[in-house]
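Student: Residue numbers (the working numbering), protein chains in the order written: chain A, 58 to 306; chain B, 58 to 306; chain C, 7 to 312; chain D, 532 to 765; chain E, 532 to 765.
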Amino acid sequence: MRASTIKLKKIIYILFWIILWQIIAVGLNREVYLPTPINTIKALFNIVQTKGFFMSIFYTLLRVFTGFLISFILGIIIGLFSSFNRHIYDLLNPLVISIKSTPVISIIIIFLSWFKSGIVPIIITFLMCFPIIWTNVVEGVKSTDKSLVDMAKVYKVSKYNILKHIYLPSILPYIVSGSLTTLGLGWKVAVAAEVLSQPNYSIGAHLYDSKIYLETESLFAWTLVVIILSFIFEYFFKYIIKLKMKGRI
Amino acid sequence: MRASTIKLKKIIYILFWIILWQIIAVGLNREVYLPTPINTIKALFNIVQTKGFFMSIFYTLLRVFTGFLISFILGIIIGLFSSFNRHIYDLLNPLVISIKSTPVISIIIIFLSWFKSGIVPIIITFLMCFPIIWTNVVEGVKSTDKSLVDMAKVYKVSKYNILKHIYLPSILPYIVSGSLTTLGLGWKVAVAAEVLSQPNYSIGAHLYDSKIYLETESLFAWTLVVIILSFIFEYFFKYIIKLKMKGRI
Amino acid sequence: GCTKEVEPKVETEKINVNVASLKGPTGMGMVRLLEDKPNFGENIEVNYSIESAPDLLKSKLLNKEIDIAALPTNLASIMYNKTEGSYQLGAVNTLGVLYVVTSRDDIKSINDLNDKEIGVSSKGSVPDFIFNYILNKNNIENININYIVEHGNLAKQLISGDRDLALLPQPFVTMVTMKNKNLKIAMDIQEEFRNIEGQDRHIPMGCIVIRKEFAQNHPQVVEQFLKEYENSIKWTSENVVEASKLIEKFEILPSAKMAELAIPKSNLVYIDSKDSKDMLDKFYELLMNFNPKSIGGKIPDESFYY
Amino acid sequence: MSISIKNLNKSYDDLKVYKDFNIKFEKNKINTLLGPSGCGKTTLINIIAGLSKYDSGHIEGLDFRNISYIFQEPRLIPWLSVYDNIDFVLKGQFEQKKRDQIIRSHLELVNLHEFKDYYPENLSGGMKQRVSIARAFSYPSNILLMDEPFKGLDMSLKQDIINSFIKLYEKQPKTIIYVTHHIDESLLLSDYIYILNNSPVEIIEKISIFEEKRERDLSKEYFLDLKEYISSKL
Amino acid sequence: MSISIKNLNKSYDDLKVYKDFNIKFEKNKINTLLGPSGCGKTTLINIIAGLSKYDSGHIEGLDFRNISYIFQEPRLIPWLSVYDNIDFVLKGQFEQKKRDQIIRSHLELVNLHEFKDYYPENLSGGMKQRVSIARAFSYPSNILLMDEPFKGLDMSLKQDIINSFIKLYEKQPKTIIYVTHHIDESLLLSDYIYILNNSPVEIIEKISIFEEKRERDLSKEYFLDLKEYISSKL
Ligand SMILES: Nc1ncnc2c1ncn2[C@@H]1O[C@H](COP(=O)(O)OP(=O)(O)OP(=O)(O)O)[C@@H](O)[C@H]1O
Ligand SMILES: Nc1ncnc2c1ncn2[C@@H]1O[C@H](COP(=O)(O)OP(=O)(O)OP(=O)(O)O)[C@@H](O)[C@H]1O
Ligand SMILES: [Mg+2]
Ligand SMILES: [Mg+2]
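Next comes the structure, spelled out in structure tokens:
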């Protein structure tokens, strides 16, 4: 099958879902409940033209990336330390599990009374993403082929080179899958935190407005904005990874 | 190291965090922002004695498990079909990705106007968990050692046996890790959905009440309830898995 | 043919009426109904519920879980405009509940707000609009408004002493004054409003919304409900102590003591929908000037009023 | 029917392994492939097993055949015991009781009956290889592919297994394609020896040995000469 | 200094592999272990390499030593090319330029210079084994452990590699422990042959061969007899 045929097929499948949506929406005939895709697109165009649009997206992205980046870097570094030192692991593990099992909504409620509303989404993103990256790094180290590490030890390869050439490539897929999960999740949680904290420029505040003003089309349109941005990220991230992974598998 | 020493060490590490919390809370001296662990425990005892306590937990659990179970079963079955049939995969993939990247908060808002409030947390849990299990099953199938499948094909082993003895054991770790993620996540999202939909008996409604009545201690106490239940689940689930996995690795 | 006899609609079919109100002032007037559960006739069962969030009530009206609900008036207008008139206003039940709360001694009149920093919850909400309207009319320009998300967070800052001046609605006003003895009410926004607009003008904040489809099918139920509701409100206003006990019982406010303090300051009323049109039109216009979205784009027409 | 490969073409990226390659493996004979490491032997039997795609060509004689394959690596399922690893391929073939008997006798054959409940990770290298042999031998096939089957086995065990193998083969002949680097072993077992070399692969020499397998004595002049000759060709 | 193992005890669960086992590997000699599959040879050299724990015992003569190890499986890093796989173990030992020269000459030695940029998954079984050999030979060690190093190689290549190995060894002798199942190869290379058997392992026989390695001719009476003798012991 040629690449173009594959693309075409993908588009057809996506169209299938959109048409299904259109049929249901028309059948239901209640815009407050379910706007048609066409009206959603219209609302999207209206939104794009409002003056705060790009600012809102920019600031939301900034928050998500800040939270993500901090989690990413700390997650990998602390994850590696925890993997190779039992004490650090035992100390951090209960904290990470607790963070993981605390409902985001509680955290948002608590943090909203502690911090400025613009910062809360960043902290929430961090608290969502860090445990996942940390866990994945630890898992990755665990799943590294011990026989290769043994080989390197016999040949007295330095710790640095074992880390760089055996552990890091082994945990790379774990980091990638962790980051993908995390990007998607962090992004969504950040928006949720924004809905509840409503900082000045933010996608969340717009979602909140659409909700309280019962503007279902613009609720759908803003949601679509989030989804589209998600897709762009994921694509972008996978692209970078592919570049970096050239040669590795 | 003996098992008892390990347990002791774990308890010491957990105590470390609790003491840290106590110190910060006392230093801050602002119960509305951050109650001390002691006051939180007190609030917890008060909560446990209220008459709706066990009912709330029971119904919340019921919702989470219903959502989880449906995702678990459908995720595995549909995941397997998608793995072995390109068309099903291509059809479902955009849907799954979209669900994954739609902010939960949007979904909750939309669904609240469609469905009864008691059902919304179940649906939300399903929408959170299903894509994760589905993705993990697909990943698991992908990562199955092709050379073993080749071997089985040469020996004309039936599809059923290949599925049962090669694919299922290979994807088991993926399903387990997916289910663990999912249990934690679904649980948290269900509570979030409850906070926003407030069905009659629910932990979420109590969290919301604590919030609007500014009862920070009971907010912390209910959060603690969620965390403790999370721990119990995870422990329970891992225990079952261990029983089932005996013999496999 | 496969025609099948359709059973004639049996007279005795049960009618379920679902009534909901909010925690806080809009719900307080309903306690007598909650307690007595007056009989609406054979085969008619009325279920009452108390919800915490206006948004949720909105959703439940939309998904038809609820037929009659007490809601903020601007939300009623939004619902009407956004659903081609599927919801109607039954009556106005609460007038303004906004107060300026402070721990300072130097705030006596509206003019004292000049050069001060004040906390206001939720930018772009109805209280925000009303407050700004009053500030404008009084030419107060040098005021630093600090927006805080949610009444609760603002209340926390007051209680902990991190903030000394804020605009809050009931029952948060009562709640903070109870939890921190330094706090007191410095200003009644309703009064300031009347000072500008005339003594017969009010801020209609809460109302009863009825699902139109339900109202058409069961007009007599709606009639009777409104009558019972009016009685309940009257009783609540007149029997503060007893009503407060019920308010605690039905968890509309956390304590009877708080309710006792809050009832007199919550301006519970019953104004017939027809009688409220004039008041609401002016109110909606005020909101419309700030943000048309806050009433769903336009001022609702005649048929909005039941 | 014999297995005929006609005009086979196969490349990996730029590496042309087979170009218009023809070979015929005789029915119910032991056909041996001798050739340098990396020349393409595994590739060829993977193609016959249906596991590798090829660019063009024809393969005849594979319809309705059951194939056993001793892979170059043991390919055991890590979460099944030695016993279950063999049982796994027999499931569709015999009923439980028959399977049990077959598995036990073949584990005996490779001297692993005491280890039937071990998992692969607890076996030594040679033991894994023997499980792979037992699996292939116990499967009711009419074609047997063996890629260096006897590597990693000690001499005496190898001798035993080869003898049993000859007995099994004589009782129930099948078409066997046998890849090895051992000239001695190839002389012991083969009906035909194909010596491969070059890139793309060519058949340098086809040698037929007609002597009864169980009567071959490698210290005889004939075999010593043959060994010399083959060595010179490799 | 030689490597002495004294009173070694080692079990896997119920399986007692070594019980009060003693052995001494002579310094700068080639010490060969011959023994049936599964007797415990890999276990022993893993212990010497420091990769396996043992229950009790003493090992002397390992301080300040560099060890090369040709594992029973190739153990190549999948995401490094052939070249980088070897470079990986040399990084701490030489500077870049020297490494390049060493790697190239050793790839030449195992006839893989053309495949230096290949990844392990694209190599044949024998080619992987050769990379593992090149890695071990290129590493500057004074102890070399080899677990069936020449398996999967064709005759002529094996001959070449063995010859090069002897040359390398004579230029720079090291203590070598060599596990094999090939009596011929052991006769060609060994200074000492230990024949192992039984469970727990015992040394059945220790054989010393003093003849110069490069002059050994296996068709000579002495070696033929020795071969006969060893075979009878296994
Ligand atoms: N998956 C692959 N991708 C690219 N090249 C490959 C692949 N598999 C094998 N090759 C190349 O094809 C050639 C033949 O490989 P093959 O495995 O058939 O050799 P072989 O004759 O079995 O060798 P050996 O005796 O060492 O096992 C080799 O040069 C190898 O590098
Ligand atoms: N990780 C392990 N767990 C349990 N048993 C093991 C483990 N590794 C090896 N054994 C057992 O120890 C014994 C010796 O194994 P070892 O690998 O040392 O044998 P070997 O002499 O190297 O055999 P081969 O020539 O087949 O490689 C075997 O019976 C094996 O089953
Ligand atoms: Mg091969
Ligand atoms: Mg071994």
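Beta carbons are placed, not taken as given, at the ideal position from N, Cα and C, and that holds for glycine.
1) State buried or exposed for B:S92, treating a residue as buried only when at least 16 other CB atoms are found within 10 Å of its CB.
2) Would you mind giving the Cβ-Cβ distance between E:G581 and D:E679, rounded to the nearest angstrom? I have them listed as a contact below 8 Å.
3) Are the Cβ atoms of D:R606 and D:S663 separated by less than 8 Å?
4) On the three-pair Cβ rule with 8 Å, is the region 190 to 200 of chain C touching the region 99 to 109 of chain C?
5) Does the beta-carbon of E:T563, which I'm using as the reference point, lie nearer than 7 Å to any heavy atom of ligand 2?
6) Report whether the distance from the Cβ of D:G566 to the nearest heavy atom of ligand 3 is below 7 Å.
7) Of all residues in the structure, which have a C-beta closer than 5 Å to any heavy atom of ligand 4, taken in chain order?
8) Identify every residue that forms a DSSP beta bridge with C:G204.
9) With DSSP run on the structure shown, which of helix, strand or coil describes C:F310?
10) Could you pull out every unbroken alpha helix (DSSP H) segment of at least 4 residues lying fully inside the region 631 to 718 of chain D, listed in chain order?
11) Less than 8 Å between CB atoms is the rule here; does A:L271 satisfy it with respect to chain C?
12) In chain order, which alpha helix (DSSP H) runs of at least 4 residues are fully inside the region 176 to 213 of chain A?
13) Between the region 204 to 222 of chain C and the region 160 to 169 of chain C, do three or more beta carbon pairs fall short of 8 Å?
14) Within the 8 Å Cβ cut-off, does A:K108 reach chain C?
15) So what does DSSP say about C:R217, is it helix, strand or coil?
16) Could you tell me whether any non-hydrogen atom of ligand 3 is closer than 7 Å to the CB of B:D207?
17) Does DSSP put B:L300 in a helix, in a strand, or in coil?
18) Determine the DSSP secondary structure at D:K550, reduced to helix, strand or coil.
19) For E:Y709, tell me which candidate among E:K555, E:N562, E:R596 has the shortest Cα-Cα distance.
20) Taking 6 Å as the limit between beta carbons, can you name the residues of its chain near C:D73, skipping five residues before and five after?
21) At 8 Å on the CB atoms, spell out the chain D contacts of E:H712, in chain order.
22) Going straight from the alpha carbon of E:E701 to that of E:S599, what length do you get?
23) Taking the continuous beta strand (DSSP E) assigned at B:T93, which residues delimit it?
24) Assuming A:F294 and A:L229 form a contact by the criterion Cβ under 8 Å, report the distance between their Cβ atoms to the nearest whole angstrom.
25) Identify which residue in A:L137, A:L118, A:V153, A:V246 has its Cα closest to the Cα of A:K221.
26) Which residues, in order along the region 69 to 83 of chain A, keep a beta-carbon less than 7 Å from a beta-carbon of chain C?
27) Using 8 Å for Cβ pairs, my map puts E:L539 next to E:G588. What's the rounded Cβ distance?
28) Between A:V194 and A:I133, how many whole angstroms is the CB-CB distance? I'm expecting something under 8 Å.
29) For a test of your reading of the model: does the CB of D:D551 fall under 7 Å from any non-hydrogen atom of ligand 3? Yes or no.
30) If we ignore side chains and look at the alpha-carbon of each, how far apart do D:S721 and E:I601 end up?
31) Spatial neighbours of D:V641 within its chain, please: CB distance less than 7 Å, with the 5 preceding and 5 following residues excluded, ordered by chain position.
32) Would you say B:A262 and B:E251 are within 8 Å of each other, going by their C-beta atoms?
33) Could you name the residues of chain B that A:V248 contacts, counting a contact when the two beta carbons are closer than 7 Å?
34) Give me the subset of the region 623 to 654 of chain D whose CB atoms are less than 9 Å from a CB atom of chain E, sorted by chain position.
35) What does C:T100 pair with, by DSSP beta-bridge criteria?
Tutor: The short version:
1) The residue you call residue 92 of chain B lines up with position 35 of the second sequence. This sequence places Pro at residue 92 of chain B; Ser is not what is there. Buried, by the Cβ-count rule.
2) Position 50 of the fifth sequence holds residue 581 of chain E. Position 148 of the fourth sequence holds residue 679 of chain D. 31 Å between Cβ atoms; not a contact.
3) Position 75 of the fourth sequence, counting from 1, holds the residue named residue 606 of chain D. Position 132 of the fourth sequence, counting from 1, holds the residue named residue 663 of chain D. Contact: yes.
4) yes
5) The residue you call residue 563 of chain E lines up with position 32 of the fifth sequence. No, the Cβ of E:T563 stays beyond 7 Å of every heavy atom of ligand 2.
6) If you number the fourth sequence from 1, residue 566 of chain D lands on position 35. Flag unset: Cβ of D:G566 not near ligand 3.
7) D:S655, D:G656, E:T573, E:Q603
8) Working through the third sequence from its first residue, we reach residue 204 of chain C at position 198. In DSSP, C:G204 forms no bridge with anything.
9) Locating residue 310 of chain C in the third sequence gives position 304, where the first residue counts as 1. C:F310 falls in the helix class under three-state DSSP.
10) 656 to 669, 686 to 702
11) Numbered from its first residue, the first sequence carries residue 271 of chain A at position 214. For A:L271, the answer is yes, since a Cβ of chain C falls inside 8 Å of its Cβ.
12) 177 to 200, 203 to 211
13) no
14) Translated into the one-based positions of the first sequence, residue 108 of chain A becomes position 51. It does not: the Cβ of A:K108 has no partner Cβ on chain C nearer than 8 Å.
15) The residue given as residue 217 of chain C occupies position 211 in the third sequence. C:R217 falls in the strand class under three-state DSSP.
16) Position 150 of the second sequence, counted from the start, is the residue given in the question as residue 207 of chain B. Incorrect: B:D207 has no Cβ contact closer than 7 Å to ligand 3.
17) On the second sequence, position 243 is the one that residue 300 of chain B refers to. Reduced to three states, the DSSP call for B:L300 is helix.
18) Working through the fourth sequence from its first residue, we reach residue 550 of chain D at position 19. Three-state DSSP puts D:K550 in a strand.
19) Along the fifth sequence, one-based indexing puts residue 709 of chain E at 178. E:Y709 has its Cα closest to that of E:N562, out of E:K555, E:N562, E:R596.
20) Translated into positions along the third sequence, residue 73 of chain C becomes position 67. So the qualifying residues of the chain are V23, N24, R217, F220.
21) Reading the fifth sequence from its first residue, position 181 is the one you call residue 712 of chain E. Ordered by position in chain D, the residues that pass the 8 Å Cβ test against E:H712 are G657, G683, L684, D685, M686, K689.
22) Within the fifth sequence, numbered from 1, the residue matching residue 701 of chain E stands at position 170. Within the fifth sequence, numbered from 1, the residue matching residue 599 of chain E stands at position 68. In this model, E:E701 and E:S599 are separated by some 17 Å (Cα to Cα).
23) In the second sequence, residue 93 of chain B corresponds to position 36, counting from 1. Per DSSP, B:T93 belongs to no beta strand (DSSP E) and is neither H nor E.
24) Position 237 of the first sequence holds residue 294 of chain A. Position 172 of the first sequence holds residue 229 of chain A. In fact, because the Cβ distance is near 13 Å, the residues do not count as touching under 8 Å.
25) On the first sequence, residue 221 of chain A is found 164 positions in, with the first residue counted as 1. That would be A:L137, whose Cα lies nearest to the Cα of A:K221.
26) none
27) Stepping through the fifth sequence from its first residue, residue 539 of chain E is reached at position 8. Stepping through the fifth sequence from its first residue, residue 588 of chain E is reached at position 57. About 4 Å; that satisfies the 8 Å criterion.
28) Reading the first sequence from its first residue, position 137 is the one you call residue 194 of chain A. Reading the first sequence from its first residue, position 76 is the one you call residue 133 of chain A. The beta-carbon separation of A:V194 and A:I133, rounded to 6 Å, stays under the 8 Å limit for a contact.
29) For this step, residue 551 of chain D is matched to residue 20 along the fourth sequence. It does not: the Cβ of D:D551 is nowhere closer than 7 Å to a heavy atom of ligand 3.
30) Residue mapping note: residue 721 of chain D aligns to position 190 of the fourth sequence, counting from 1. Residue mapping note: residue 601 of chain E aligns to position 70 of the fifth sequence, counting from 1. Going by the C-alpha atoms only, they are around 32 Å apart.
31) Within the fourth sequence, numbered from 1, the residue matching residue 641 of chain D stands at position 110. For D:V641, where only same-chain residues beyond five positions count, the Cβ hits under 7 Å are R661, I664, A665, I692.
32) Mapped onto the second sequence, residue 262 of chain B falls at position 205. Mapped onto the second sequence, residue 251 of chain B falls at position 194. Yes, they are a contact pair.
33) The residue labelled residue 248 of chain A in the question sits at position 191 within the first sequence. Within chain B, the residues P160, I162 have their CB atoms less than 7 Å from the CB of A:V248, given in chain order.
34) N642, L643, F646, N653, L654
35) For the purposes of this step, residue 100 of chain C is identified with residue 94 of the third sequence, where counting begins at 1. Answer by DSSP bridge pairing, in chain order: C:G212, C:L274.
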